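Going down the list, the sequences are from chains D and H.
According to the working numbering, the first sequence is numbered sequentially starting from 1.
According to the working numbering, the second sequence is numbered sequentially starting from 111.
We put the beta carbon where it would ideally sit given N, CA and C, even for glycine.
Given the structure is predicted, the values throughout are model-derived calculations rather than measurements.
Remarks on the structure that follows.
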Amino acid sequence: MSDEICRTVVVNNPQGLHARPAGELVRMVGQFDCEVFLGRGGETVDCTSILSLLTLGAADGTELALSAKGPDAGDAVDTIEQFFLRRFDEPAEELETRSVSESDGTPSET
Amino acid sequence: MKFADFISTPSIKAELQAKTKEQAIEELVQSLLDSGEIDADQRDDIIAAIMKREELGSTGIGRGVAVPHTKHPSVEKLVGTVGVSDEGVDFDSLDGERVQLFFLLISPPERPGDHLRALENISRQLRDETFCRFLKQSKTSDDISQLLQEADDNQFATG
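Encoded structure:
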């Protein structure tokens, strides 16, 4: 059995791990010869499916367990970790969106 | 989050007429307008915003499913609709499959969490092949809303 490489990544994006970065991840993983998984709590999903990645519902600040197995596992984990650190390469205005609390949608007075 | 929390039942469309991506988006946005979910003077702006989002990367997420969406300041809460196309529409999906199932979402800009939870619910339910297949086979909007209701009641739950 080949060694599995594991690392913790954190969603650092106000939009969370939404559809576009999920698609980017699937494309990224496709370039490597290895299996890549992301886990949250007891659930682990295969990074070859956007549908699976979206079931994680990973909002801003969520910690995810990244793991990869196969010949390119090291490169894949590095590349994906960088993508998380770059906040999914989102345009600056998307990253500035402030989220309001669920209980109160009233913006603060200026 | 359940489908009932964000899907506008009167806006659900079976047998979409659209042949292209843009037509599909127009048809679904029009349906939201016809049900009074969005303002008439916002229609074109919402369609343009959804198309602009598609340019960043198709929301065709595979398995014949697309989730076209946008943030828009004209809505006060997350609102969405479902459309089913018999023949499917070329949506530039990652897996190349034509899209038969559409979940179109419009969310207030300051509530990204609601949008994410709606995507989570949609993707979780669609992982169930039976639910996915039944939806694609639906011939009336009543069939679709019945299936969404059953999914909300966990009748397709795969855990």
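Consult DSSP for Cys-6(D) and reduce its assignment to one of helix, strand or coil.
In this structure, Cys-6(D) counts as strand in the three-state DSSP scheme.
Would you mind giving the Cβ-Cβ distance between Ser-118(H) and Glu-147(H), rounded to the nearest angstrom? I have them listed as a contact below 8 Å.
Right, the Cβ-Cβ distance comes to about 5 Å (below 8 Å), so this counts as a contact.
Nearest CA to the CA of Leu-56(D): which residue from Gly-74(D), Ala-22(D) and Glu-4(D)?
In terms of CA proximity to Leu-56(D), Ala-22(D) leads the group Gly-74(D), Ala-22(D) and Glu-4(D).
Limits of the unbroken beta strand (DSSP E) element including Leu-64(D)
Residues 63 to 69.
Report, in whole angstroms, the separation of the C-beta atoms of Val-189(H) and Ile-232(H), which I expect to be a contact under 8 Å.
With a Cβ gap of about 14 Å, Val-189(H) and Ile-232(H) do not count as contacting.
Under a CB-based cut-off of 8 Å, is Leu-166(H) close to chain D?
Leu-166(H) counts as touching chain D.
Any Cβ of chain H within less than 8 Å of the Cβ of Gly-42(D)?
By this cut-off, Gly-42(D) is not an interface position.
Start-end ranges of the alpha helix (DSSP H) lying completely within the region 209 to 245 of chain H, minimum 4 residues
Listed in chain order, the complete alpha helix (DSSP H) runs (minimum 4 residues) inside the region 209 to 245 of chain H are 222 to 236.
Where does Ser-101(D) land, buried or exposed, given buried means 16+ other C-beta within 10 angstroms?
Low confidence applies here, because Ser-101(D) scores a pLDDT of 46, under 50, leaving its location unreliable and the question unanswered by this model.
Could you name the residues of chain D that His-225(H) contacts, counting a contact when the two beta carbons are closer than 8 Å?
Against chain D, a Cβ distance below 8 Å from His-225(H) picks out Gln-15 and His-18.
Is any beta-carbon of chain D found at less than 8 Å from that of Leu-138(H)?
By this cut-off, Leu-138(H) is not an interface position.
Quick one: using the 10 Å Cβ neighbour count with 16 as the cut-off for buried, is Thr-8(D) buried or exposed?
Looking at its Cβ environment, which holds fewer than 16 other Cβ atoms inside 10 Å, Thr-8(D) is exposed.
Is it true that the CB of Ala-76(D) sits closer than 8 Å to the CB of Phe-32(D)?
Yes.
With Phe-83(D) as the anchor, note down where its alpha helix (DSSP H) starts and where it stops.
Per DSSP, Phe-83(D) belongs to the alpha helix (DSSP H) from 73 to 85.
Listed in chain order, which residues of the region 50 to 71 of chain D have Cβ atoms closer than 9 Å to some Cβ of chain H?
The residues in question are Ile-50, Leu-51, Ser-52, Leu-53, Leu-54, Thr-55, Leu-56, Gly-57, Ala-58, Ala-59 and Asp-60.
Chain-ordered neighbours of Thr-169(H) on chain D, where CB pairs are closer than 7 Å
Neighbours of Thr-169(H) across chain D, judged by C-beta separation under 7 Å: Ala-19.
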